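Contents: one structure, followed by commentary.
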Amino acid sequence: MRKIILSVILITILVLTFISNFIIADNPIPAEAVKFDTGDTAWMIVATAFVLLMTPGLGFFYGGMVGKKNVISTMLQSFMAMVIVTILWTVVAFGLAFGPTIGGIIGNPTYNLFFEGVGTNTAWSLAPTIPFILFALFQAKFAIITPALITGAFAERVRFWAYLLFMVLFILFIYTPLAHMTWHPDGIFFKMGVLDFAGGTVVHMSAGWAALAGAIFLGKRKIQKVNPARITYVLLGTGLLWFGWFGFNAGSALGANGLAAQALGTTTVAAAAAAMAWVFLDKILGHKLSALGACIGAVVGLVAITPAAGFVSISHAIFIGLFSAIVSNLVVSKFPKGKIDDALDVFACHGVGGMVGMLLTGVFASKAINPAVGDNQGLIFGTPTLFINQLTALVAVSIFAFVGSYILFFVVNKITPLRVTEEKEELGLDISQHGEFL
161 MRKIILSVIL
171 ITILVLTFIS
181 NFIIADNPIP
191 AEAVKFDTGD
201 TAWMIVATAF
211 VLLMTPGLGF
221 FYGGMVGKKN
231 VISTMLQSFM
241 AMVIVTILWT
251 VVAFGLAFGP
261 TIGGIIGNPT
271 YNLFFEGVGT
281 NTAWSLAPTI
291 PFILFALFQA
301 KFAIITPALI
311 TGAFAERVRF
321 WAYLLFMVLF
331 ILFIYTPLAH
341 MTWHPDGIFF
351 KMGVLDFAGG
361 TVVHMSAGWA
371 ALAGAIFLGK
381 RKIQKVNPAR
391 ITYVLLGTGL
401 LWFGWFGFNA
411 GSALGANGLA
421 AQALGTTTVA
431 AAAAAMAWVF
441 LDKILGHKLS
451 ALGACIGAVV
461 GLVAITPAAG
471 FVSISHAIFI
481 GLFSAIVSNL
491 VVSKFPKGKI
501 DDALDVFACH
511 GVGGMVGMLL
521 TGVFASKAIN
531 PAVGDNQGLI
541 FGTPTLFINQ
551 LTALVAVSIF
561 AFVGSYILFF
571 VVNKITPLRV
581 TEEKEELGLD
591 ISQHGEFL
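Here it is as structure tokens:
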């Protein structure tokens, strides 16, 4: 049956792309500008490449943490996100995220099927200095890494084909509504005044809550305590993530400008502060200063600064890095691992880090840094409205992402079993799922 389904998918895409000019209406988004800024365009091409590099970086980051029998499968889960989500985004998901709004919740995909109307002579309304297609491809990289982040929670026990199906459903039913509500000018969160510079809600909170749902649904691994296969992979992955995150955050300024430079600066110091706080806290709690701890701390800082990167000062970015690392470290240490097997602490790092970042954006966002903040500045400046909006969005996104993802896991499991058998888990996913090994 699987062979038939895959054959039908391939043939359908072949046919539709071949005859697309006959069946898809020519209905482009009206141009906001046709004379683009070459500096902005050049920077955004580079930033797009930076963000794509984060996904294989995540593969190394996760792959080094799992047991030796599951390294290839874990890394391949990230790699296949680049493959599947790219096609899905081009065919329909971009329109769902950024097409004309339907109730402020989701976009109308018919305007942009197969990137129809997403060309080089039109522009997105909030990015008028770069071609529309460049904006769409930049956003594709955010969609790619989000389901890849989730994989760390159910590492070493998920069937690969079931994961691919879940990834498709997650993008369609969880990621695209959140992207539309948060980043589309007609989205309900956007109109509320919720600030998310580069993906605290859309990427990290959604992935974190989905990870928790997946860990609960799939249950515990047969052997939870495993020795990391390659700490050097984790170090390499962290370096690639940190490097790529400059495109993730500074690129979200959507131009080569002072705001991009500010976001690059806040990203740099938050990651460094979080790594420092993590290893210092480890020592305070009686643990050794470890490479693994330093890497996890840096990533938590990158996660937490993501929603705030273009809205806060350098000093406040340091606070965000320090505070998020302390909170996530304590959550990791107190997380009920005996009951919930979040294998690589995705919820404690990405979910909690994203929530801390969202709330602290509501505390520290300043119109002196970014005039788009307006009069609803952070709580520290004496105006509570933004903080209340951030808290409201946090609660709404948490419920939506967790409940929605749990339902998707349930649906996928009804279509095809999510979890490998005990024998295949014992053998390792590299051999049982892919016929390969280190």
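In this note's numbering, the protein residues as written are 161 to 598. Ideal Cβ positions, reconstructed from N, Cα and C, are used throughout, including at glycine. In this text the structure is predicted, and so the values were computed from the model without any measurement.
Given 8 Å, three or more beta-carbon pairs between the segment 352-372 and the segment 276-292: Per the Cβ contact rule, the segment 352-372 is not in contact with the segment 276-292 (fewer than 3 Cβ pairs under 8 Å).
Close Cβ partners of Lys443 (< 7 Å) along its chain, the five nearest in sequence each way excluded: For the purposes of this step, residue 443 is taken as the residue at position 283 of the sequence shown. A distance below 7 Å between beta-carbons, with the five flanking residues on each side excluded, links Lys443 to the following residues of its chain, in chain order: Leu449.
Local Cβ density within 10 Å of Leu482, reported as buried at 16 or more and exposed below that: The count along the sequence shown starts at 1 and reaches residue 482 at position 322. Flag for Leu482 reads buried.
Backbone CA spacing between Asp590 and Lys228 [nearest angstrom]: Position 430 of the sequence shown holds residue 590. Position 68 of the sequence shown holds residue 228. Rounded to the nearest angstrom, the two C-alpha atoms are 9 Å apart.
Beta-carbon contacts of Thr177 that lie in its chain and below 8 Å, excluding the five residues immediately before and after: In the sequence shown, the residue the question calls residue 177 occupies position 17. For Thr177, where only same-chain residues beyond five positions count, the Cβ hits under 8 Å are Phe274.
Cβ distance (whole Å) where Val571 is taken to contact Gly513 below 8 Å: Translated into the one-based positions of the sequence shown, residue 571 becomes position 411. Translated into the one-based positions of the sequence shown, residue 513 becomes position 353. Rounded, the Cβ-Cβ distance is 28 Å, inconsistent with contact.
7 Å Cβ shell around Ala191 - same chain, five flanking residues per side excluded: Here residue 191 is taken as the residue at index 31 of the sequence shown, counted from 1. In this prediction, Ala191 scores a pLDDT of 44, lower than 50, which makes its location untrustworthy; no coordinate-derived value is stated.
Minimum C-alpha distance to Asn536 - residue among Gly418, Gly595 and Leu355: In the sequence shown, the residue the question calls residue 536 occupies position 376. With distances taken between Cα atoms, Asn536 lies closest to Leu355.
Buried/exposed call for Asn387, threshold 16 Cβ in 10 Å: Position 227 of the sequence shown, counted from the first residue, corresponds to residue 387. Under the 10 Å beta carbon count, Asn387 is surrounded by fewer than 16 other beta carbons and is classified as exposed.
Rounded straight-line distance, which links the Cα of Leu445 to that of Ala257: If you number the sequence shown from 1, residue 257 lands on position 97. If you number the sequence shown from 1, residue 445 lands on position 285. About 44 Å.
Residue environment, Glu596, which counts as buried when at least 16 other CB atoms sit within 10 Å: Walking along the sequence shown from the start, residue 596 turns up at place 436. Under this definition Glu596 is an exposed residue.
Cβ separation of Leu395 and Ala451, assumed to be a contact under 8 Å, to the nearest whole Å: Walking along the sequence shown from the start, residue 395 turns up at place 235. Walking along the sequence shown from the start, residue 451 turns up at place 291. The pair is a contact, with the Cβ atoms about 6 Å apart (cut-off 8 Å).
Residue from Asp501, Leu551, Phe562 and Leu504 with nearest C-alpha to Leu520: The count along the sequence shown starts at 1 and reaches residue 520 at position 360. Checking every option, the nearest Cα to that of Leu520 belongs to Leu551.
Gly217 in three-state terms, based on DSSP: As a working note, residue 217 is residue 57 in the sequence shown. If DSSP states are grouped into helix, strand and coil, Gly217 belongs with the helices.
Assigned secondary structure, Arg390 (DSSP; H/G/I helix, E/B strand, else coil): The sequence position of residue 390 within the sequence shown is 230, counting from 1. DSSP places Arg390 in coil when its eight states are reduced to three.
Buried/exposed call for Leu236, threshold 16 Cβ in 10 Å: Within the sequence shown, numbered from 1, the residue matching residue 236 stands at position 76. It is buried - the Cβ of Leu236 has at least 16 other Cβ atoms within 10 Å.
Through-space distance from Asp502 to Ile205, alpha-carbon basis: As a first step, residue 205 is located in the sequence shown; it is residue number 45 there, counting from the start. As a first step, residue 502 is located in the sequence shown; it is residue number 342 there, counting from the start. Roughly 35 Å separates the two Cα atoms.
DSSP-derived helix/strand/coil call for Arg319: Position 159 of the sequence shown holds residue 319. Of the three classes helix, strand and coil, the one that applies to Arg319 here is coil, per DSSP.
Assigned secondary structure, Ile529 (DSSP; H/G/I helix, E/B strand, else coil): Counting from one through the sequence shown, the residue named residue 529 turns up at place 369. Residue state, collapsed to three classes: coil.
Bounding residues of the alpha helix (DSSP H) (the contiguous stretch that carries Glu596): One-based indexing of the sequence shown puts residue 596 at position 436. Premise fails: Glu596 is in no alpha helix (DSSP H) and is neither H nor E.
Own chain residues within Cβ distance below 7 Å of Ile540, not counting five before or after: Residue mapping note: residue 540 aligns to position 380 of the sequence shown, counting from 1. Cβ neighbours of Ile540 beyond the five flanking positions: Val523 and Phe524.
Inter-residue Cα distance where the pair is Leu324 and Ile559: Walking along the sequence shown from the start, residue 324 turns up at place 164. Walking along the sequence shown from the start, residue 559 turns up at place 399. The alpha-carbon atoms of Leu324 and Ile559 are separated by roughly 23 Å.
Gln422 burial status per 10 Å Cβ neighbour count (16 or more: buried): Start at 1 with the first residue of the sequence shown, and residue 422 comes out as number 262. Classification for Gln422: buried.
Opening and closing residue of the alpha helix (DSSP H) in which Ala307 lies: Stepping through the sequence shown from its first residue, residue 307 is reached at position 147. One point to set straight first is that residue 307 is Pro, not Ala, in the sequence displayed. Looking at the DSSP string, the run of the alpha helix (DSSP H) that includes Pro307 is Phe292 to Ile310.
contact_flag[the segment 211-218, the segment 299-310] where n(CB pairs < 8 Å) is 3 or more: yes
Opening and closing residue of the alpha helix (DSSP H) in which Ala159 lies: Absent from the structure is residue 159, since the part of the chain shown begins at 161 and ends at 598.
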